[in-house]
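In this text, residue positions in the sequence shown follow the working numbering: the first is 2, and each later residue adds one. Glycine included, C-beta positions come from ideal geometry on N, C-alpha and C.
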Amino acid sequence: MRISFFNKVSYKKFEFPARYYDEQKSDFERRMNKWKEVNPQESAEFNKENFREDLRRTWSKSRVSNSSFNYRYTNFRRMLVLAVIVVALVLLISYLGNKYLI
Numbered sequence: 002m003r004i005s006f007f008n009k010v011s012y013k014k015f016e017f018p019a020r021y022y023d024e025q026k027s028d029f030e031r032r033m034n035k036w037k038e039v040n041p042q043e044s045a046e047f048n049k050e051n052f053r054e055d056l057r058r059t060w061s062k063s064r065v066s067n068s069s070f071n072y073r074y075t076n077f078r079r080m081l082v083l084a085v086i087v088v089a090l091v092l093l094i095s096y097l098g099n100k101y102l103i
């Protein structure tokens with residue numbers, strides 16, 4: 002233990018708690034509040050699996066909607082594949098018809 006006759010200068014420390022925005026947490030809280038408004042009787046007994054199923058169902062609905070780019074793209078792609086198959090069949094039938102009928 003040191004004995005000193007003079008007071009040492011004690012510097013003030015700057016303590017600032019780090020603040021950050023957690024987008025996933027705020028999105029989760031928003032969905033939870035929305036879910037509690039829709040299901041007030043179930044908000045007391047929260048079931049994680051039911052909540053997960055609700056999110057999965059609503060996500061799949063929005064993903065397959067008619068205005069979705071993914072839906073339009075897959076629909077266009079299916080039509081393109083179908084058109085290629087029809088053209089290939091027509092060419093095959095015309096080739097075989099010309100070869101064996103003449």
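Beta-carbon gap between residue i and residue j smaller than 8 Å
{"i": "Asp55", "j": "Trp36", "result": "yes"}
Collapsed DSSP secondary structure at residue i in the structure displayed
{"i": "Asp55", "result": "helix"}
{"i": "Tyr101", "result": "helix"}
{"i": "Arg78", "result": "helix"}
{"i": "Tyr96", "result": "helix"}
{"i": "Lys49", "result": "helix"}
{"i": "Asn34", "result": "helix"}
{"i": "Ser11", "result": "coil"}
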